[in-house]
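Undergrad: Okay, handing you the structure first.
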Amino acid sequence: MPSVDDPDALVDLAAEVTRLRDAMLHAERERADDIDAVHPLHRRSAANLVHYVELRKHDIRHLQTRLGLLGLSSLGRSESSVLATIDAVLVALAGLLGFEAPARIARVGIEEGNSILEYNAARLLGPSTERRSTRIMVTLPSEAAVGVDVIEGLVARGMDVARVNCAHDDAEAWSPMITTVRATANAAGHRCRVAMDLGGPKLRTGPLAAGPRLVKISPRRDVSGRVVDPATAWLSASAGPTPSGVVPAVAESGASTVVIPVDDLEWLARRRPGERLGLVDARGSLRRWNVVHVEEGGCLVSIQKTTYVSTGIRIAVDGDAAAVGDLPQLEQKHRVHLGERVVLTRSMAPAPATLPGADHFIGCSLPEVFESAGLGERVWLDDGKIGGTIEYVDDDSIVVAVTDVRPGGANLRGGKGINLPDTDLRIDALTEKDRDDLVFVAEHADMVNLSFVQHPSDVERLQYELAALGAEDVGIVLKIESAIAFANLPELLLVAMRSPTIGVMIARGDLAVEVGFDRLAEVQEEIMWACEAGHVPVIWATQVLDSLAKTGQASRAEVTDAAMSVRAECVMLNKGPYIGEAIDVLDSILVRMQDHHDKKRSMLRRLTAWDRPAGASV
205 MPSVDDPDAL
215 VDLAAEVTRL
225 RDAMLHAERE
235 RADDIDAVHP
245 LHRRSAANLV
255 HYVELRKHDI
265 RHLQTRLGLL
275 GLSSLGRSES
285 SVLATIDAVL
295 VALAGLLGFE
305 APARIARVGI
315 EEGNSILEYN
325 AARLLGPSTE
335 RRSTRIMVTL
345 PSEAAVGVDV
355 IEGLVARGMD
365 VARVNCAHDD
375 AEAWSPMITT
385 VRATANAAGH
395 RCRVAMDLGG
405 PKLRTGPLAA
415 GPRLVKISPR
425 RDVSGRVVDP
435 ATAWLSASAG
445 PTPSGVVPAV
455 AESGASTVVI
465 PVDDLEWLAR
475 RRPGERLGLV
485 DARGSLRRWN
495 VVHVEEGGCL
505 VSIQKTTYVS
515 TGIRIAVDGD
525 AAAVGDLPQL
535 EQKHRVHLGE
545 RVVLTRSMAP
555 APATLPGADH
565 FIGCSLPEVF
575 ESAGLGERVW
585 LDDGKIGGTI
595 EYVDDDSIVV
605 AVTDVRPGGA
615 NLRGGKGINL
625 PDTDLRIDAL
635 TEKDRDDLVF
645 VAEHADMVNL
655 SFVQHPSDVE
665 RLQYELAALG
675 AEDVGIVLKI
685 ESAIAFANLP
695 ELLLVAMRSP
705 TIGVMIARGD
715 LAVEVGFDRL
725 AEVQEEIMWA
735 CEAGHVPVIW
745 ATQVLDSLAK
755 TGQASRAEVT
765 DAAMSVRAEC
775 VMLNKGPYIG
785 EAIDVLDSIL
795 VRMQDHHDKK
805 RSMLRRLTAW
815 DRPAGASV
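Here the numbering used here is used: the first residue of the sequence shown is 205, the next is one more, and so on.
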């Protein structure tokens, strides 16, 4: 190991650092055209990104250790100012050895990197506050279109960016949402930014044929099988909801009440409390229901035994009978087990549900998949619940051998996500609907989140569309949600930098399925490092405090995850009935954690994710 008393070791160390510096400057010359093409605001950042990508092509862990022993920078925090950090190390080594260090090249100074990132974050996400530097983005629920109180509560609790998902609702709903956000924030004395997510192409399973018109009604039982709370059903000539006040007055346990349509209003009018109704259910079992409450339009019955009710079943009391009306058809599902096969079809006609052991046929929403998929490539279904590899593909079907599913199998329904991490889907990230939505986005939003981005051409198309709408000032956020997007990240960033205001969203749900749950932590770190090198603000997204927002109670794992999110410039929360509580908790976590974290410190092994000759196509 080197020491100040070992000149030869110091000379070797200086030579190694110099070789790294030369490699970075060579990479900058090779990418000169790409750097020159970016917006003037980002030109130095683009050069720094190129330097960083080159640095990470080398395994410098041993070098880091030797530098650290001399009390010099180990380069572990050099992301935001790579060349300046290298130059500082060389100056120190030159002082120890008594030679003249190479002339420093003005790129991004060590003190400048963080300031540039903060400036870019403020441009995109709005200024941070003295209390909390990491912003909070919140997905607006549909009811925000008509509920002013909903948005006022979110703003009051600390929402910095309101997210509108263009995959839901339409301009008629988005407009009042955004108007209320801006008015409420202005009244509170600060500006809340508006982000709009483009839906992008939807890679989903097709529909399954509807099942029988049947409903299962079950009482609640204890562990011994005894009935704790009887089930309740509201018999009515209408399929509408149970009248308010009926259920709480009779079934205070809170058990849900099933609405059963009956085709005879006069029969309902003849019912009296205390009557016992008889029926033979869909399984041929005799059942007795007790009438416990009657009012105009229907009656409430108490049910002690599980009953399968189907359309047309007759309900009678002392020979006075009526038939059950039309019930909704049951949603069908495939039950998929290890070793079985799922067949994705070009046809989107509803497929019949199949029994275990049979091939499970289901549609695939994007025809381009059949032209791009290849043998041996991986396929994940329904957020990674079912995984397999392609063993056959033709123009109309893809046969997937199931190799990954939980013991006992998993259900596969229509409308579930399909991920193909090994398949290069050459499809436009902008759909026709996205282009239509961009007209509204250009007029009303501060930033647009680009879904399904994979190649630099996807970013170029969005930039072209915004320019055509005269909306170049709208910020562009790249949603990194696929393995291909991650592999192409440096190229995507260099093209995005042609716009003045940019950011990256780590869409960790789809990304985890694509790269594997075991690699997600590693991959999200590498994305953050690259973005810091390019001084690009990051939005940490997907399932942050998700249990808390949905159920009112957080898990230990998601609290830890939220604590780690402080290293991003913004954290996204999804909607839920307890979203206000989730904002409060996240705000508290971020305020406390920012005293413990300033980005990250890392040992730098060689990365291979972005290996590509200069100028190679992506």
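The C-beta atom is built at its ideal place from N, Cα and C for all residues, glycine as well.
Give, in chain order, every unbroken run of the alpha helix (DSSP H) that is at least 4 residues long and sits entirely within the region 324–366.
TA: The qualifying runs are 352–361.
Undergrad: Is leucine 531 closer than 8 Å to glutamate 581 when the C-beta atoms are compared?
TA: Not in contact: glutamate 581 and leucine 531 (Cβ atoms no closer than 8 Å).
Undergrad: Cα separation between serine 551 and aspartate 638?
TA: In a straight line, the C-alpha of serine 551 is about 24 Å away from that of aspartate 638.
Undergrad: Report the three-state DSSP secondary structure of lysine 683 (helix, strand or coil).
TA: The answer is strand: DSSP assigns lysine 683 an E or B state.
Undergrad: Work out the CA separation of lysine 509 and aspartate 426 for me, nearest whole Å.
TA: When rounded, the distance between both Cα atoms is 14 Å.
Undergrad: Please classify proline 434 as buried or exposed, where buried requires at least 16 other C-beta atoms within 10 Å of its C-beta.
TA: Classification of proline 434: buried, given that the 10 Å Cβ count is 16 or more.
Undergrad: Alanine 649: buried (16+ other C-beta within 10 angstroms of its C-beta) or exposed?
TA: When all chains shown are included, alanine 649 counts as buried.
Undergrad: Specify, as a first and last residue, the run of the beta strand (DSSP E) that valine 748 falls within.
TA: First-last for valine 748: undefined, no H or E at that position.
Undergrad: Which complete alpha helix (DSSP H) runs does the region 756–798 hold, if anything under 4 residues is left out?
TA: The region 756–798 contains these whole alpha helix (DSSP H) runs: 760–768 and 783–797.
Undergrad: Given a cut-off of 8 Å, decide if aspartate 364 and arginine 397 are closer than it, judged by their beta-carbon atoms.
TA: Yes, the pair counts as a contact, with Cβ atoms nearer than the cut-off.
Undergrad: First and last residue of the beta strand (DSSP E) that includes histidine 538?
TA: Run containing histidine 538: 538–540, per the beta strand (DSSP E) assignment.
Undergrad: Less than 7 Å between C-beta atoms, sequence neighbours within five positions excluded: which residues of the same chain meet that for proline 571?
TA: Result list for proline 571: Arg550, in chain order.
Undergrad: Relative to the C-alpha of isoleucine 340, which candidate in Asp788, Arg796 and Leu811 has its C-alpha closest?
TA: Taking only the C-alpha atoms, the option nearest isoleucine 340 is Asp788.
Undergrad: Does DSSP put leucine 559 in a helix, a strand or coil?
TA: In the structure shown, leucine 559 sits in coil (DSSP, three-state: anything other than H, G, I, E or B).
Undergrad: So for isoleucine 710, helix, strand or coil by DSSP?
TA: In the structure shown, isoleucine 710 sits in a strand (DSSP, three-state: E or B).
Undergrad: Indicate whether tryptophan 744 and serine 769 have their beta-carbon atoms separated by less than 8 Å.
TA: Cβ atoms of tryptophan 744 and serine 769: closer than 8 Å.
Undergrad: Measure the alpha-carbon distance for histidine 243 versus histidine 739 and round it to whole angstroms.
TA: Rounded to the nearest angstrom, the two C-alpha atoms are 13 Å apart.
Undergrad: With a CB to CB cut of under 6 Å and the five nearest residues on each side skipped, what residues in its chain are close to tyrosine 833?
TA: Outside the shown range of the chain, which is 205 to 822, sits residue 833, and nothing can be said about it.
Undergrad: Is it true that the region 466–473 meets the region 531–542, where meeting means three or more beta-carbon pairs spaced less than 8 Å apart?
TA: The region 466–473 vs the region 531–542: no contact.
Undergrad: What number of angstroms, rounded off, separates the C-alpha of serine 346 from the C-alpha of alanine 377?
TA: Rounded to the nearest angstrom, the two C-alpha atoms are 8 Å apart.
Undergrad: Work out the CA separation of leucine 245 and methionine 701 for me, nearest whole Å.
TA: If I take the Cα positions, the gap works out to 8 Å.
Undergrad: Report yes or no: do the region 673–689 and the region 706–718 share at least 3 C-beta pairs separated by less than 8 Å?
TA: Segments in contact, yes.
Undergrad: With a 10 Å radius around its C-beta and 16 neighbouring C-beta atoms as the bar for buried, classify leucine 273 as buried or exposed.
TA: By the 10 Å Cβ count, leucine 273 comes out exposed.
Undergrad: Identify the residues that DSSP records as bridge partners of asparagine 369: which are they?
TA: DSSP, once it has assigned bridges, lists Asp401 as partnering asparagine 369.
Undergrad: Can you tell me where the beta strand (DSSP E) holding glycine 591 begins and where it ends?
TA: Where glycine 591 is concerned, the enclosing beta strand (DSSP E) stretches over 590–597.
Undergrad: Would you kindly check if the distance between the Cβ of threonine 388 and the Cβ of isoleucine 421 is under 8 Å?
TA: Their beta carbons are not under 8 Å apart, which means isoleucine 421 does not touch threonine 388 by this criterion.
Undergrad: Is there contact here, the region 492–503 with the region 474–484, by at least three beta-carbon pairs under 8 Å?
TA: These segments touch.
Undergrad: For my contact list, valine 342 and isoleucine 783 are in at a C-beta cut-off of 8 Å; report their separation, rounded to the angstrom.
TA: Going by Cβ atoms, the distance from valine 342 to isoleucine 783 rounds to 7 Å, so yes, they are a contact pair.
Undergrad: Considering only DSSP beta bridges, list what glutamine 268 is partnered with.
TA: Answer by DSSP bridge pairing: none, since glutamine 268 is not bridged.
Undergrad: Considering only C-alpha positions, which residue in the set Ser655, Leu642, Val719 and Leu328 is nearest to alanine 671?
TA: Among Ser655, Leu642, Val719 and Leu328, the Cα nearest to that of alanine 671 is on Leu642.
Undergrad: Enumerate in chain order the residues of its own chain whose CB-to-CB distance from arginine 408 is below 7 Å, with the five nearest sequence positions on each side excluded.
TA: Counting only Cβ-Cβ distances below 7 Å, and skipping sequence neighbours, we find Ser569, Gly619, Lys620, Gly621 and Ile622.
Undergrad: Report all residues from its chain with a CB closer than 6 Å to the CB of leucine 823; omit the five preceding and five following residues, and keep chain order.
TA: Nothing in the structure corresponds to residue 823, since the chain is present only between 205 and 822.
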